[in-house]
Amino acid sequence: MFIYNKAGINLTSQKKHLVAGRLQQVVKRLNLSSFEDYYRSLKSDKKGILTTELIDKISTNHTFFNREKKHFDLFRETILPDVVKRSKGVDIKIWCAAASTGEEPYMLAILQNEVFKNLGFNLKVKFLATDISTEALIKAKQGIYNAERVISISKSMLNTYFNRLDNGKYQVIDSVRTQILYKRFNLMDKFPFKGKFDIIFARNVMIYFDNDTKARLVQKFYDYLNPGGYLFIGYSESLDKKSSRFIVKDHSLFQKPY
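Take the sequence shown: its position 218, counted from the start at 1, is 217 in numbering that gives the first Met the number 0, and no numbers get skipped.
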């Protein structure tokens, strides 16, 4: 219940077993004798340091470039050009709500650069990338990835947008990394945004939530999209089409009506 109240995460029995294994190491490191002692420490942790570590331990950050590739194809070929045409010269705002270790926002920024170069667009695109995991965001800001993480990227894009390091890893070039604003954010908190977004990517995050939490979150995404804005969710996720006001554009792609 503590994890649910703090992060909205609903742990299945299988996940609880996995998390217990991870947290056993934390209990040992803190020289505590039991999970009960650990729970008491969490409740008395005024600065939230232990809670942040707990969330890092239970968050799954397995991802890679071009995961669920159809989304990126749609973004490049259809969604971004449509948003640009309707923007009337106003800056475009894109939010990656569960950015993990950065592969998603960097891929979107790379594709945006390619689209603008090919079509001659000259607009500013603001990327906000948030995640609840501090550990994941540290890795995202560094933008360094093993070769297997970038295997789906074409050779020309790899040569243009990445530097190969001496250890065989690849780092996103500075001009792309500085396009992304990374912030730690808990989706259960009140949304602090002053403006609205044109595109929201919230992929493979709602799998952690129960139906009520998911419905509330989808409504908040709806409220913070501009009319005509788009919401991407994960392939394995779904929206309640009866209660949601979104228009279904494709499997796991939805649009807010004008």
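No residue lacks a Cβ here, since even glycine has one placed at the ideal position from N, Cα and C.
Every value quoted in this text rests on a predicted model; they were computed, and no experiment measured them.
The Cβ-Cβ distance between I179 and A128 falls below 8 Å. Leaving aside the five residues that flank S235 on each side, the residues in its chain whose CB is nearer than 8 Å to its CB run, in chain order, N203, I206. The Cβ atoms of G227 and Y257 sit closer than 8 Å to each other. Using a 10 angstroms sphere on the CB of H70, the tally of other CB atoms reaches 16 or more, which defines it as buried.
Following the DSSP letters along the chain, one finds V82 inside the alpha helix (DSSP H) bounded by residues 79 to 86.
At the C-beta level, R183 and D222 stay beyond 8 Å of one another. Residue state for D239 is assigned as coil, using DSSP reduced to three classes. Bridge pairing for R183: D130 [DSSP]. The beta-bridge partner set that DSSP reports for I143 consists of Q170. According to DSSP, residue pairing for Y229 in a beta bridge involves I198, Q254.
In this structure, M106 places its C-beta atom within 8 Å of the C-beta atom of N65. By alpha-carbon distance to T177, the top candidate from K195, A139, V83, I198 is A139. By the criterion of a C-beta distance shorter than 8 Å, N9 is surrounded in its chain by Y3, Y207, F208, D209, T212, once the five residues flanking it on both sides are discounted.
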